[in-house]
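Since the structure comes first, as structure tokens, the remarks are kept for the end.
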Amino acid sequence: MEYTQLGRTGLKVSRLVLGTMNFGPQTDEADSHTIMDAALGAGVNFFDTANVYGWGADKGRTEEIVGSWFAKGGGRRDKTVLATKVYANMAPDPDSVWPNHDKLSALNIRRAVDASLKRLGTDYIDLYQFHHVDRDTPWEEIWQAIDVLVQQGKILYAGSSNHAGWHIARANETAARRGSYGLVSEQCLYNLAERRAEMEVIPAAESYGLGVIPWSPLHGGLLGGAIRKEREGGAARSVSGRSADSLANSAIRARIQSYEDLLAKHGLEPGEVALAWLLTRPGVTGPIVGPRTADQLASALRAVELKLSDGLLASLDEIFPGPGPSPEAFAW
Numbered sequence: 005m006e007y008t009q010l011g012r013t014g015l016k017v018s019r020l021v022l023g024t025m026n027f028g029p030q031t032d033e034a035d036s037h038t039i040m041d042a043a044l045g046a047g048v049n050f051f052d053t054a055n056v057y058g059w060g061a062d063k064g065r066t067e068e069i070v071g072s073w074f075a076k077g078g079g080r081r082d083k084t085v086l087a088t089k090v091y092a093n094m095a096p097d098p099d100s101v102w103p104n105h106d107k108l109s110a111l112n113i114r115r116a117v118d119a120s121l122k123r124l125g126t127d128y129i130d131l132y133q134f135h136h137v138d139r140d141t142p143w144e145e146i147w148q149a150i151d152v153l154v155q156q157g158k159i160l161y162a163g164s165s166n167h168a169g170w171h172i173a174r175a176n177e178t179a180a181r182r183g184s185y186g187l188v189s190e191q192c193l194y195n196l197a198e199r200r201a202e203m204e205v206i207p208a209a210e211s212y213g214l215g216v217i218p219w220s221p222l223h224g225g226l227l228g229g230a231i232r233k234e235r236e237g238g239a240a241r242s243v244s245g246r247s248a249d250s251l252a253n254s255a256i257r258a259r260i261q262s263y264e265d266l267l268a269k270h271g272l273e274p275g276e277v278a279l280a281w282l283l284t285r286p287g288v289t290g291p292i293v294g295p296r297t298a299d300q301l302a303s304a305l306r307a308v309e310l311k312l313s314d315g316l317l318a319s320l321d322e323i324f325p326g327p328g329p330s331p332e333a334f335a336w
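According to my numbering, the sequence shown is numbered sequentially starting from 5.
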């Protein structure tokens, strides 16, 4: 496994991030533990979760599964850089939602971190991430709450997720005025098929010393050999949701077919190439992989060893051209 610094911090993390969103809803506790053991055994030390994972009446279940894995001992917690998130309302159903139990008020941050620590069975969180932008809470209040948690030893670093470039700038300029450390990472949607983050989010992250953690690196399975799997009869899971909607568009389908044809000529697996491509991108710490099975984890691990030639990278750019830099992409 390769390691890198998380943004401007001294924290060393693996170039792959183990996403746990499927633990509970798709993968039972025993299999989730098996996947986490395999990941740690392969050198993956960066695990990502969120308080809301488990969804619906099972919100928080994923953190509990990670916590029960830590409870097995064997240095599991000590070897893991643990990231979780705060924002969503944790009520099991919409009818039981109560004010101040979501978003990023100082009150909810205080409540949410204590609840996550309890579910995770640990006394600190390495990276506490804001799952979404809170347009109602000023950054001064957010940083005041985070500074208290850092002083209490409950969290070490703060990160953002799904924030625009200007949100990152505003957050870290406010932190600088307060003498706070500010955001150290941004978790955003970024992959070969969705490159809009290159215009402003990633440049802002690089400028302020944030590590970029792409989520949905296969774009909901679209970049994982979706057309081939569809042909082979694996459509039930492989081409659902975002993938199915995208493949219904003839232009997108043609682009994905070109992608799969290109990689077939090189004898390469589409999903592994999609991950390897992200590892070549400036500012990227590591993509989040969310395996439902041990085999899926093994495929993701192979991507770290995969080196893409300049010629192949150029061909990928032809199929999936980026938006270009801001403002040149939309101004003279």
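We put the beta carbon where it would ideally sit given N, CA and C, even for glycine.
In chain order, each beta strand (DSSP E) run of at least 3 residues that lies wholly inside the segment 15-70: 16-18, 21-23, 50-52
Span separating the alpha-carbon of Arg296 from that of Phe27: 8 Å
Find the nearest neighbour of Lys16 within the set Asn253, Tyr161, Ala252, Glu234, judged by alpha-carbon distance. Tyr161
What are the uninterrupted segments assigned as alpha helix (DSSP H) that are 4 or more residues long and contained completely in the segment 129-186, given in chain order? 143-156, 169-182
If Ala54 and Thr84 are in contact, beta carbons under 8 Å, what's the gap, nearest whole angstrom? Rounded, the Cβ-Cβ distance is 16 Å, inconsistent with contact.
Which of the three DSSP states, helix, strand or coil, is assigned to Lys89? strand
Using a Cβ distance threshold of 8 Å, determine whether the segment 141-149 contacts the segment 71-86, with at least three qualifying pairs required. no
With distance defined between alpha-carbon atoms, name the residue in Asn195, Ala179, Tyr194 nearest to Val188. Ala179
Tell me which same chain residues have a C-beta within less than 6 Å of the C-beta of Ala307, skipping the five on either side of it? Glu276, Leu279, Ala280
Would you mind sorting Gly14 into buried or exposed? The rule is 16 or more other CB atoms within 10 Å of its CB. exposed
To the nearest whole angstrom, what separates the beta carbons of Gly294 and Phe50, a pair I think is in contact under 8 Å? Going by Cβ atoms, the distance from Gly294 to Phe50 rounds to 13 Å, so no, they are not a contact pair.
Secondary structure of Pro295, DSSP reduced to three states: coil
Just the Cα atoms here: how many angstroms apart are Tyr194 and Gln261? 20 Å
Tell me whether Ala240 sits in a helix, a strand or coil according to DSSP, three-state version. The pLDDT assigned to Ala240 is 47, lower than 50, so where the model puts this residue is not dependable, and the model offers no usable value.
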